[in-house]
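Comments concern the structure below.
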Ligand code: FES
């Protein structure tokens with residue numbers, strides 16, 4: 002073997018090794034970006050809130066309760082139907098309204114309002130809530146999430162908020 006060929010082979014080998022290390026490093030950095038983003042995004046995210054119009058106060062008599070749907074504060078353009086949530090809105094007295102999340106605090110099933118019994122019922126595992134949202138029976142670990150409500154110029158507004166659902170593994 003000639004000495005020049007050995008030099009050329011060594012140079013090519015060094016070049017290919019550096020190239021593969023460089024490309025491997027680039028691939029590792031590219032692959033780690035989404036992982037790091039997923040890990041740290043919850044720490045950096047600020048909860049967003051927004052007031053949403055959900056109807057006219059004049060449409061409710063005292064004691065009336067209706068299911069209202071509204072858009073979440075942090076809805077994305079690609080969120081589709083998941084951009085919306087629902088709450089049970091009830092006129093308690095005068096201009097006082099109260100709104101509870103329609104999601105059960107056990108595993109998130111939609112609860113329904115039973116007017117005659119004045120109870121919220123969850124069909125999934127028999128969860129029952131009193132009219133003030135506190136747990137009456139079944140597995141729900143805590144009261145229904147309550148939204149802030151205000152009436153502005155006759156329009157009822159609900160302040161969106163994240164709804165905490167109990168983790169089944171907790
Ligand atoms: S999800 Fe409502 S009781 Fe389980």
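In the working numbering, the protein residues as written are 2 to 171. All C-beta atoms, glycine included, are put in the ideal place defined by N, C-alpha and C.
Quick one: Cα of residue i to Cα of residue j, how far?
i, j, result
"residue 20", "residue 28", "12 Å"
"residue 111", "residue 61", "22 Å"
"residue 151", "residue 43", "29 Å"
"residue 169", "residue 124", "Bear in mind that a pLDDT of 47 at residue 169, under 50, signals an unreliable position, so the model cannot answer this."
"residue 171", "residue 146", "Unreliable placement is indicated for residue 171, whose pLDDT of 43 sits below 50; no coordinate value is reported for it."
"residue 26", "residue 81", "37 Å"
"residue 76", "residue 84", "5 Å"
"residue 130", "residue 78", "34 Å"
"residue 66", "residue 160", "17 Å"
"residue 50", "residue 87", "15 Å"
"residue 158", "residue 53", "5 Å"
"residue 113", "residue 95", "24 Å"
"residue 121", "residue 74", "25 Å"
Label residue i either buried or exposed according to how many other C-beta atoms from any shown protein chain fall within 10 Å of its C-beta, with 16 as the threshold for buried.
i, result
"residue 154", "exposed"
"residue 30", "exposed"
"residue 141", "buried"
"residue 33", "exposed"
"residue 128", "buried"
"residue 118", "exposed"
Look up residue i in the DSSP assignment and say whether it is helix, strand or coil.
i, result
"residue 160", "strand"
"residue 80", "coil"
"residue 115", "strand"
"residue 88", "strand"
"residue 63", "coil"
"residue 97", "strand"
"residue 134", "coil"
"residue 56", "strand"
"residue 143", "coil"
"residue 108", "coil"
Using 8 Å for Cβ pairs, my map puts residue i next to residue j. What's the rounded Cβ distance?
i, j, result
"residue 63", "residue 90", "Residue 63 to residue 90, Cβ: 13 Å. No contact."
"residue 139", "residue 126", "6 Å"
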